[in-house]
Structures are given as structure tokens and as C-alpha cells.
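Engineer:
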Amino acid sequence: MRVDSFRFRPPPFELPDELRWVLGRAFGPLPDRPVPVERPELVLRWARDLVLAERIASRVPRRDVESELPSDAVQVLWRSRDALAARGLLLRELLGQVAGCAVEIGAPVIGLKGIALLESGISSWGERPLLDLDLLVDAREAPRLFEALTAAGLEQVGRGERQHLPPLADRRLGQVELHLHLPGVVVAGGRPAASEALRRANLVRPYERFEGFELPVPDLLAAHAYAHCLDQHGFSPTACPITRLIADLVDLDGCFDETVTAGWLAPSVSAREQAAAIALRTALCAGEPSEAGDDGLALLRHTVAAITSERYRNRQRLRAALRALWRRRWSKFHSEVSRRVAALRRLE
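Okay, here's the thing in C-alpha cells:
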């Protein structure tokens, strides 16, 4: 990918006040005086759509939020945080079971995304969204681990993709996906970021809590966060809103080297796109989203437009389908085309 490539060109528009409140409480400095909200229902909607409700409830003192929102809206935010913390505990129990099976067959797994950030202590439980367990396993050992997990009682609940096996679920604890590599990330001379390549490059380390479970170094966590949000879900921004990436970058701040991650992202995320994300992070942490520059604001508006405009959302789905066709990801192409056809029928 060219270093100056930039794929995100949403229409210009002003950010609504309710959205600015959500971004400010999730990332920015807290105000000296309360800023009462006239339409709290819109605050809750933005907090939900941008996956920031739990972060706000974890970051801002409750008494401060109570001075700005009605009590029922405050309760929604705090219930979201408590529910996420409870889900995290269940998924942690599931992780122990998966790690136990990995030890039995001699195929250790590597934590990815949310579970890796949480178990590393980089992100906080109850603050960082965690829907399921994403784990990396050696492609040669993945079928054996998959069979061991199904023998232990987990059930297949979906289809696999090129980068992961079909998801498995424990009805009480949650779901797990066994990944074969990290899409969009290359290491050690351009090799795909598969488990053995990562171990040879000393990019993972053992974890004392669970035998059979390893954690990526922060540089790798940052690179995967960029690739996952900007490349893998770049044209489906409601699946991974830009605020998810910004939150991870804020948590990782000072722990990783941007020049290192840029080298690993060369095939998938341009230097310009990476710089735009950093500019947006800096502006949001300062409480001034308008200071993110044209590219940084474009990233934010890209997600906002996908949430608020069905026309823009459908256009991104079409782009996703065309990219899947170009990359020969037939199942992804078929699903994107199906969604596009359904969307067009609704507009008739």
C-alpha cells in the first residue's frame, strides 16, 4: 500500500453536541463545571453505537455524570459497565478451559485483541468491550484443538473464514474463535503474522496465570488494532467503530513504537491512515475533536456517517463486497452482496 493512501472520504458535517459530550467523557479532560445534556436519549444512543458507555462509566466519577444526566440515563451507563465486567469473568473462565485443552494437546494459544489487552493489564475489566475470545493457534494444530474443545462440550455456532475456524460456544460462558493468522499484519521479513512466526520473532511471551496461554507484546497489539479497524473492518465501520481503535491506542499509549507498527502494517494500513488515527487520538484526549486535522476528522466522520446515514452505510458495504471479490474471499463477497441486495429492496 502507498504510504499516502487514504480510503476514507465521508461527507463533511458538524458533530452533534450529544456526540461531543460522549467523546469528551470517554477521552477528554473532565470539565470544571457540569454540562447538562438536553437530550440524554441521544447521549445513550451515541454511547451505545460507539461502544463507549462502559468506558465512560469506568472513567468518570458517577457523581459527575449525575450532575449532567438524569438518573435513569446514568443507571443505563453503569449497568452496561457491570454487565461487561460480569461477561469478562465468564469469558475468563472459558479461557481457562481452552488453555487447559491447549496444554493437553501441546498447542499453546496466543491471546488477541480484547482478551490480550485485559490480561496484559493494559486495559481495565469492565471498560474495554469483550464480546468473545479471539485466540491465535498454529494452523497445523488448530484442527486438533478444535476437536478437543468440541469433545469438551463446546458447540460450533457459525461459519469459518480464511483467517479463523468456525466459532465455538459454551452456552454459559461465551464464544471463542481460533485464528490462524492476523490479517493485514506481517512480521520478520514480510512473513504473515502466524503463531510460529511471532514466536520466532520474540513477539509473544508466556503468561503465568494460564499455562498454554501466551500474550503478544504491545507493539503487536497496536499493529493488530490498526489492521483490524482500518483494513479488515474499514468499510464496515459499524462493526468496529473508530472509537474502538482510539480507546485501544489510548490504553496502549507509551507502550509501543509507531515506527515498528508502521513496518508491520505496510500491506494493509498506510502511514497516512496511521497518522490520522494518532491525530484523532491526540485531539480527543485534548477534548478538541475539531483539532484532529482533515484526515483525523475523516476517520471520525466515516464511522458517524455509517451510523446515521443508510445511504453511506450501503455504499461502504458495496466497497467491502468489491474488495472481497478482488481478494477472492468468496464467502465475504457473498454475504456483502446479500446485504446490499436486501438494503436496496428496503429502499424500493
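Numbering-wise (my numbering), the sequence shown opens with residue 478 and increments by one.
Glycine residues also receive a C-beta, built at the ideal position from the N, C-alpha and C atoms.
All values reported here derive from a predicted model rather than from experimental measurement.
(1) Rounded to the nearest angstrom, what separates L500 and G731 at their Cα positions?
(2) Counting only runs of 4+ residues fully inside the stretch 621-708, write out the alpha helix (DSSP H) ranges in chain order.
(3) Between the beta-carbon of D647 and the beta-carbon of L571, is there less than 8 Å?
(4) With burial defined as no fewer than 16 other Cβ atoms inside 10 Å of the residue's Cβ, what is the status of P488: buried or exposed?
(5) Measure from the alpha carbon of H658 to the alpha carbon of each residue in L492, A619, G573 and E531, then state which is nearest.
(6) Pairs of beta-carbons, one from the stretch 576-594 and one from the stretch 602-620, closer than 8 Å: are there three or more?
(7) Any idea if W807 is buried or exposed, counting beta-carbon neighbours within 10 angstroms, 16 or more meaning buried?
(8) Alpha carbon to alpha carbon, what distance is there between A797 and R790?
(9) DSSP beta-bridge partners for V586?
(10) DSSP three-state label for D611, please.
(11) How many Å lie between C706 and F690 at the Cα?
(12) So M478 and S713 are supposed to be a Cβ contact under 8 Å. How far apart are they, rounded?
(13) How far does the alpha helix (DSSP H) with S535 in it reach, from first residue to last?
(14) Is it buried or exposed for P547, if we count other Cβ within 10 angstroms and need 16 for buried?
Structural biologist: Checking against the coordinates, here is how it stands:
(1) 21 Å
(2) List check, alpha helix (DSSP H) in window: 672-677 and 695-703.
(3) yes
(4) Around the C-beta of P488, fewer than 16 other C-beta atoms lie within 10 Å, and the residue is accordingly described as exposed.
(5) A619
(6) yes
(7) For W807, the predicted structure reports a pLDDT of 46, less than 50, and the residue's modelled location is therefore unreliable. The matter cannot be settled from this model.
(8) When rounded, the distance between both Cα atoms is 11 Å.
(9) F690
(10) In the three-state DSSP reduction, D611 falls in the strand class (E or B).
(11) 24 Å
(12) Wrong, their Cβ atoms sit about 19 Å apart, outside the cutoff.
(13) A530 to R536
(14) exposed
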